[in-house]
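Structure first, commentary second.
Residue numbers (this note's numbering): 726 to 867.
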């Protein structure tokens with residue numbers, strides 16, 4: 726089986742040497758995608774001090790940016806949003822952020838016209854950039 730690299734021209738650039746996604750067989754695997762803005766260092770919902778440490782963050786703004794970025798990569802891969810079958814999310818503060826994450830998640834992934842995929846949410850100590858949420862999805866290719 727061969728695979729194909731997918732690079733979106735609209736989503737934020739990856740923070741390492743990896744593609745936005747990869748097609749393999751009839752599946753699309755997205756790399757972890759966070760709440761960043763393409764072509765800049767801006768992270769919606771994050772306030773940093775002069776040394777780059779997080780002084781405040783808005784988890785709702787980060788979730789919306791993250792989910793918009795995921796949707797962009799799925800769309801740029803030519804896959805309908807409703808083909809998303811699995812979501813793996815990483816939060817750095819489950820206790821404080823999960824309820825807001827869950828509310829925003831429902832707007833994007835649950836309900837009529839949305840994919841309603843299986844989901845796993847994991848708390849981790851940190852992410853590679855100063856963000857509080859990152860999402861990785863798998864979709865079916867028709």
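For each residue, glycine too, the CB sits at the ideal point set by N, CA and C.
* To do: Would you tell me roughly how many angstroms separate the C-alpha atoms of residue 840 and residue 807, rounded to the nearest one?
  => Between the C-alpha atoms of residue 840 and residue 807 there is a straight-line separation of about 4 angstroms.
* Since residue 733 contacts residue 801 with CB under 8 angstroms, what's their CB separation in whole angstroms? -> Taking C-beta atoms under 8 angstroms as the contact rule, residue 733 and residue 801 qualify, at a distance of about 4 angstroms.
* How is the beta strand (DSSP E) around residue 811 delimited, first residue to last? -> Bounds of the beta strand (DSSP E) holding residue 811 are 809 to 816.
* Asked: Any idea if residue 847 is buried or exposed, counting beta-carbon neighbours within 10 angstroms, 16 or more meaning buried?
  -> Counting the other CB atoms within 10 Å of its CB gives residue 847 a total below 16, which places it among the exposed residues.
* Asked: So what does residue 729 bridge to, in DSSP terms?
  -> 748.
* **Cβ neighbours of residue 781 in the same chain (closer than 7 angstroms, five flanking residues each side left out)** => For residue 781, the CB contacts under 7 angstroms within the same chain, skipping 5 residues up- and downstream, are 772 in chain order.
* Beta-carbon gap between residue 791 and residue 862 smaller than 8 angstroms -> For residue 791 and residue 862, no; Cβs fall outside 8 angstroms.
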